[in-house]
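Visitor: Every letter in the sequence shown is one number past the one before it in UniProt numbering, and letter 15, counting from 1, is 15.
So that we are looking at the same thing, I have put the structure below in structure tokens.
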Amino acid sequence: MSLIPLLAPLISRMTTHVIDDQWSAEEAFVFFSDILAGLSPDTLDSCVSLSWDRGPIDNPDLYWSRLSPEFQSSWNTHRSPPISLFTRALRWANTTDIGYSIVSFIRRYLQIK
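Next up, the structure:
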């Protein structure tokens, strides 16, 4: 994120758990195109190595924390609100076989899709 800090608001708006705040594919593409237009050739030619990490999924503020406070405050409107304790508990429950089975049963019983 420190190489291209504008990826933080892009990812945040694409993956927010607040459905009404999620960007459509077109909105994300326009924002991404604007990011690309502002990057130097050296930045575009940089190599990036990625590793799989669930941290940002469980804690969306993780990638924001790696950016400067000035940048964070200027793009604060694009940040997702914190995930509720209930949602975090459901996500944790779904990481175990028994928890997943219980949540699935309750959803079927309550007819929640």
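Each residue gets a CB set at the ideal place from its N, CA and C atoms; glycine is no exception.
Report buried or exposed for Ala25, applying the criterion of at least 16 other Cβ atoms within 10 angstroms of its Cβ.
Guide: With fewer than 16 Cβ atoms within 10 Å of its Cβ, Ala25 is classed as exposed.
Visitor: Can you give me the C-alpha to C-alpha distance between Ser73 and Phe29, rounded to a whole angstrom?
Guide: Answer to the nearest angstrom: the Cα atoms are 23 Å apart.
Visitor: Spell out a yes or no on whether the stretch 76-90 and the stretch 37-49 are touching, meaning 3 or more CB-CB pairs, one atom from each, closer than 8 Å.
Guide: Too few Cβ pairs lie closer than 8 Å, so no.
Visitor: Taking the alpha helix (DSSP H) that Arg91 falls in, what are its first and last residues?
Guide: Leu85 to Ala93 is the span of the alpha helix (DSSP H), which, as asked, contains Arg91.
Visitor: Let me check understanding here. Comparing Cα to Cα, which of Leu7, Thr16 and Ile11 lies closest to Ile83?
Guide: Closest by alpha carbon: Thr16.
Visitor: Between Arg108 and Leu85, what straight-line distance do the alpha-carbon atoms span, to the nearest angstrom?
Guide: So the alpha carbons of these two residues sit roughly 22 Å apart.
Visitor: Please state whether DSSP places Asp20 in a helix, a strand or coil.
Guide: Reduced to three states, the DSSP call for Asp20 is helix.
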